[in-house]
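Asker: Attaching a single structure in structure tokens format; questions to follow.
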Amino acid sequence: MKLMRYWVLTCFLFIINTYLSSQVSTDQIIFFKDQDTKKESWQKLNEGIFSIRYETPWVDRFEFRTETDRLMTSRQEFLFRTSFNSFRQKKADGAVLFHLAERKKWEFLSQINDMVNQRYFLTLEAIKKQLELKGKLTRESYFLKMEKTYEAYIQSGESFDLADYLKNHEDLQSIRLSVVLSKKELSTILFNLGFPEQDSMEIRDLITVKNMAAIAGNVMVDVDKHPEFHELDAKNSFLDARLHSDKVKDGKILDFAQLRYSVRNDLLLENRFSVGVGLNFPWRGSSRTKYSDILIDKLETNHAKEEKRIEMKEKLTTLQNQLAHQKKMYEVFTTASENAAFNNVKKTILGSGRVNLHDILSLEKYELNKAEKETELFLDILKTYLDILSLTATLGNQREVNYFKNLE
359 MKLMRYWVLT CFLFIINTYL SSQVSTDQII FFKDQDTKKE SWQKLNEGIF
409 SIRYETPWVD RFEFRTETDR LMTSRQEFLF RTSFNSFRQK KADGAVLFHL
459 AERKKWEFLS QINDMVNQRY FLTLEAIKKQ LELKGKLTRE SYFLKMEKTY
509 EAYIQSGESF DLADYLKNHE DLQSIRLSVV LSKKELSTIL FNLGFPEQDS
559 MEIRDLITVK NMAAIAGNVM VDVDKHPEFH ELDAKNSFLD ARLHSDKVKD
609 GKILDFAQLR YSVRNDLLLE NRFSVGVGLN FPWRGSSRTK YSDILIDKLE
659 TNHAKEEKRI EMKEKLTTLQ NQLAHQKKMY EVFTTASENA AFNNVKKTIL
709 GSGRVNLHDI LSLEKYELNK AEKETELFLD ILKTYLDILS LTATLGNQRE
759 VNYFKNLE
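So the sequence shown is numbered by my numbering: it starts at 359 and just counts up by one.
As structure tokens, then:
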């Protein structure tokens, strides 16, 4: 007998362990390292950009030309010409390439921020499916109890409404099918998150409504830390560097230096060398149009930054007010659900012994509906909470924190 109990206990523990091992926690999802090959691709691009040498050579180009007169084969000319880059030009070109790399770096970091946000919202979908599945399983249990009740009525010969029985049986079959579909959808989401072996989520330690309100109420749009603003600043710096480089190039005075060697039999000096230089006189001319294009891009970038700042602040205020309203609704609902007078009446009715099983199950259905409504309100708050954190780039800037859990 003891051996039998030991065997049953071992089987039970094995089943429980297998179930728990198939669950995935929010920590595992949020801190999942190799979560996306796209991140690796962007990382390689970023490393490649910064591995390029940002140095303009002193000598721009070499030219070598020869000339022979067809009628006078004794007349030949050789020309060697070279163009130089000034120190100012080298410095300006280096600044352009450096700011281009900085711009690409912030584009990369902005992409990483978007990927983190997407992972949080996909995790939210998994949490929704898990809570939805939990509610459906509870409702399936309720419909099954109701069916057992009707079967007991049949065996005892008591009368009951056949339409209610058929409706309950139909609901039971429908909820069973819905459970199968929800499990499939949850497995698909977890697969997309990088967990093909798991089929359920651990949702016991989710953040409370009180903590969500506290965190969301203290965040703000920080222009100095938000990657989207850094990306616009990097673009602006790149345009400044381009404008300066173009002005230095157009203001170049020494264009080239050349060495000419001529061979002519018809002159007293048969062979002669000559050295010359080419000078530019700075004149804007058509370059003004090029400058105008860059200046317009700068104005548009600054306008986009200011417009985004105003838009984000307005949206943040709206979301924070929305969360405060949702929190109030949640508190009103849970307070009403925990009403002591109602609970005492319910306890008295159930303890009176004058309520049949069908009515008791109806009361259970009421409790089930109440729990589902409470879950719905909680998920609405969780969605708004993540909207606020993603808007302010809190999720991307603090990737070492799991915002699905209470922060200590």
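Using N, Cα and C, we set each Cβ at its ideal position, and we do this for glycine too.
Could you check the C-alpha separation between Thr752 and Lys463 for me, to the nearest Å?
Answerer: 19 Å
Asker: Using the rule of at least 16 other Cβ atoms within 10 Å of the residue's Cβ for burial, across every protein chain shown, is Met687 buried or exposed?
Answerer: By the neighbour-count rule (16 or more Cβ atoms within 10 Å), Met687 is not buried but exposed.
Asker: Helix, strand or coil: how does DSSP classify Val316 here?
Answerer: Residue numbering for the chain in the displayed model covers 359 to 766; residue 316 lies beyond these limits and cannot be assessed.
Asker: Less than 7 Å between C-beta atoms, sequence neighbours within five positions excluded: which residues of the same chain meet that for Lys656?
Answerer: Apart from the 5 residues on each side of it in sequence, Lys656 sits with its Cβ closer than 7 Å to the Cβ of Asn594, Leu597 in its chain, given in chain order.
Asker: Going by DSSP in three states, Phe553 sits in which element: helix, strand or coil?
Answerer: coil
Asker: So Leu637 packs on Ile611, CB below 8 Å; how close in whole Å?
Answerer: 6 Å
Asker: Please report the distance separating the alpha-carbon of Gln556 from that of Gln386.
Answerer: Between Gln556 and Gln386, the C-alpha separation is close to 11 Å.
Asker: By a C-beta neighbour count over all protein chains shown, 10 Å radius and 16 as the cutoff for buried, is Val567 buried or exposed?
Answerer: Per the 10 Å Cβ criterion, buried.
Asker: Assign Gln513 to one of two classes, buried (16 or more other C-beta atoms within 10 Å of its C-beta) or exposed (fewer than that).
Answerer: With fewer than 16 other Cβ atoms within 10 Å, it is exposed.
Asker: Quick check on DSSP: helix, strand or coil for Gly452?
Answerer: helix
Asker: Taking the alpha-carbon positions, what's the Ser748 to Ala574 distance?
Answerer: 11 Å
Asker: Less than 7 Å between the CB of Tyr619 and some heavy atom of the ligand MG, yes or no?
Answerer: With respect to the ligand MG, the structure offers nothing, as it holds no ligand at all.
Asker: Leaving out the 5 sequence neighbours to the left and right, which residues in its chain are closer than 8 Å to Trp416 when beta-carbon positions are compared?
Answerer: Phe442, Asn443, Lys448
Asker: Does the count of Cβ pairs from the region 450-464 and the region 602-619 closer than 8 Å reach three?
Answerer: A contact exists between the region 450-464 and the region 602-619.
Asker: In the DSSP assignment, find the unbroken alpha helix (DSSP H) run with Val567 in it and report its ends.
Answerer: 567-576
Asker: For Leu551, which of Ile388, Glu516, Glu435 has the nearest alpha-carbon?
Answerer: Ile388
Asker: Could you round the C-beta distance between Arg439 and Phe614 to whole angstroms and report it? I think they count as a contact, below 8 Å.
Answerer: Indeed, because the Cβ distance is near 5 Å, the residues count as touching under 8 Å.
Asker: Return the chain-ordered list of same chain residues with a C-beta closer than 7 Å to the C-beta of Ile547, the five sequence neighbours on each side being excluded.
Answerer: Leu480, Glu483, Ala484, Lys487
Asker: Can you check which of these residues, Tyr500, Arg461, Ser558, Met670, is closest to Leu590 by C-alpha distance?
Answerer: Arg461
Asker: When you compare each of Asn569, Glu586, Leu617 to Leu767 by their alpha carbons, which one comes out closest?
Answerer: The structure shown does not extend to residue 767, since the chain is modelled only from 359 through 766, so no value can be given for it.
Asker: Where does Tyr761 fall in DSSP's three states?
Answerer: coil
Asker: For Gln381 and Ser536, what's the separation of their Cα atoms in angstroms?
Answerer: 20 Å
Asker: Using a Cβ-Cβ cutoff of less than 8 Å, which residues in the same chain neighbour Phe691 once the five nearest sequence positions on both sides are dropped?
Answerer: Lys731, Glu732, Leu735
Asker: Measuring straight from C-alpha to C-alpha, what distance separates Lys763 and Lys541?
Answerer: 24 Å
Asker: Drop a sphere of 10 angstroms on the beta-carbon of Val366, count the other beta-carbons inside from all chains shown, and report buried for 16 or more, exposed for fewer.
Answerer: In this prediction, Val366 scores a pLDDT of 41, lower than 50, which makes its location untrustworthy; no coordinate-derived value is stated.
Asker: Which residues mark the beginning and the end of the alpha helix (DSSP H) in which Ser517 is found?
Answerer: For Ser517, there is no enclosing alpha helix (DSSP H), as DSSP marks it with neither H nor E.
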